[in-house]
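Going by the working numbering, the letters in the sequence shown line up with residues 368 to 673, in that order. Notes follow once the structure below has been shown.
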Amino acid sequence: MDTTQNNREKFEKDTRQLFHKLHSAQADSTYIFQRLTSLLSTDYLNVPEDFFRGKICLDAGCGSNANATYAMLKMGAKKVYAFDLDESIYETAPRMLKEFPSSHYELSTGNVLNISFADNSFDFVHCGGVLHHSADVFQGLQELGRVTKIGEVLYIHTYGAGGLVREMTSFFREKYSQDESFKGIVDNLTAQKLQQGILEIFASMERHGDSFGKKIPVNLVDELVDDDLVLTIQDRIAAPAYHEHTEEQLRACLEEEGFHQIERLTRYPYLKNMRRFLSPLYCEYDSEIAKLCYGSGLIQLKAMKG
Ligand SMILES: C[S@@+](CC[C@H](N)C(=O)[O-])C[C@H]1O[C@@H](n2cnc3c(N)ncnc32)[C@H](O)[C@@H]1O
């Protein structure tokens with residue numbers, strides 16, 4: 368990508384603007400926020416239940432709803448420092464964290480490519496779904512490694528590489544950046560419009576003597592096509608960048624930064640909408656069908672420094 372200063376600033380501004388819109392909508396839904404805050408757990412990280420007790424943590428690229436910060440505080444972190452690219456996070460994150468004393472967390476603006484904390488500052492560093500949206504995944508990893516204390520843990524998840532679904536989403540992302548009318552459709556998509564479209568298809572089938580659509584109750588259509596799904600579609604298509612990296616590339620970089628005990632994690636995402644049919648593929652990323660659809664899968668790595 369073009370990384371001249373102006374382009375980089377515009378790229379980061381566009382990235383933050385999109386995610387602020389999506390994260391604010393997520394924050395407005397109790398169900399979505401609860402789903403997101405349940406993703407980071409000691410079971411998932413494969414660490415003892417009291418792992419977070421007394422820990423000073425970093426949530427790099429925390430997003431506007433700061434769901435991982437919330438999860439770490441809930442699990443007993445002593446203090447969580449959370450940052451994202453600009454001030455927009457202040458509009459939402461403090462509201463999402465209001466059940467915790469404000470002395471337990473600190474929100475700031477910052478860039479994962481140039482983290483404003485000293486070397487060896489944190490007992491646990493979390494960077495979820497951020498690096499592949501940044502201008503330089505490897506510089507980000509280097510910075511995350513620098514601020515992790517020796518003997519402590521860094522957790523990242525990144526987009527992964529390859530697979531048919533990723534090829535399709537890349538095609539749509541390209542189209543979104545070039546085709547105003549397609550952009551308008553994606554930007555203005557709602558669950559209601561999608562549900563309506565499906566019901567119109569059922570009605571047309573019925574008119575042509577195929578009543579199969581009638582077997583699918585309207586409330587099931589509403590459940591399979593919800594706001595959570597629409598926000599995911601907009602995330603995948605409207606994000607300025609989704610850089611792809613394999614597990615091997617990320618492991619090699621972590622090793623270079625002095626990490627060992629690098630462990631790939633996985634989890635079964637519990638979803639209500641039609642993405643629930645994909646949950647087995649997300650979780651069992653090594654199955655043949657998962658590799659066909661998602662290549663290397665979502666790369667979720669935990670590593671110890673030093
Ligand atoms: C998919 S969201 C993930 C948010 C949050 N970590 C989570 O797990 O829900 C990606 C976030 O990365 C942030 N981001 C992208 N590039 C960044 C950078 N260079 N430095 C800091 N944050 C960045 C975006 O602003 C956005 O909030």
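Cβ atoms here follow ideal geometry from the backbone N, Cα and C, with glycine treated the same way. Here the structure is a predicted model, which is why all the values come from computation and not from measurement.
- DSSP, read as helix, strand or coil, puts H500 in helix.
- The C-beta distance from V492 to A427 rounds to 7 Å, short enough to fall under 8 Å.
- Considering only H471, T397, L665 and R631, the residue with the shortest C-alpha distance to S646 is L665.
- R574 has its alpha-carbon roughly 44 Å from the corresponding atom of S663.
- With 16 or more other CB atoms across the displayed protein chains lying within 10 angstroms of its CB, D490 is buried.
- In terms of Cβ geometry, H612 and M671 do not form a close pair [threshold 8 Å].
- Two segments are said to touch when three or more pairs of C-beta atoms, one from each, lie closer than 8 Å; by this definition the segment 537-548 does not touch the segment 458-470.
- Here the segment 595-607 makes no contact with the segment 477-489; the two share fewer than three CB pairs at distances below 8 Å.
- Annotated three-state conformation of G495 is strand, per DSSP.
- With distances taken between CA atoms, Y526 lies nearest to D602 out of Q562, D602 and R462.
- Proximity to N478 across G625, Q506, L556 and L617 peaks at Q506, based on C-alpha coordinates.
- Taking every protein chain shown into account, the CB of L521 has 16 or more other CB atoms within 10 angstroms, so this residue is buried.
- If you keep only unbroken alpha helix (DSSP H) runs of at least 4 residues inside the segment 470-558, you get 504-514, 531-545 and 547-554.
- Nearest neighbour of C424 by Cα position, chosen from P415, D410 and A444, turns out to be A444.
- No heavy atom of ligand 1 is found nearer than 7 Å to the CB of V597.
- A straight line joining the alpha-carbon of M641 with that of P607 spans about 25 Å.
- Only exposed fits E416, as fewer than 16 other CB atoms lie within 10 angstroms of its CB.
- When only Cα atoms are considered, L638 and F644 end up about 9 Å apart.
- Sequence-distant partners of I656 (beyond 5 residues in either direction) whose C-beta falls short of 7 Å from its own C-beta, in its chain, are L648.
- At the C-beta level, E379 and L452 come within 8 Å of one another.
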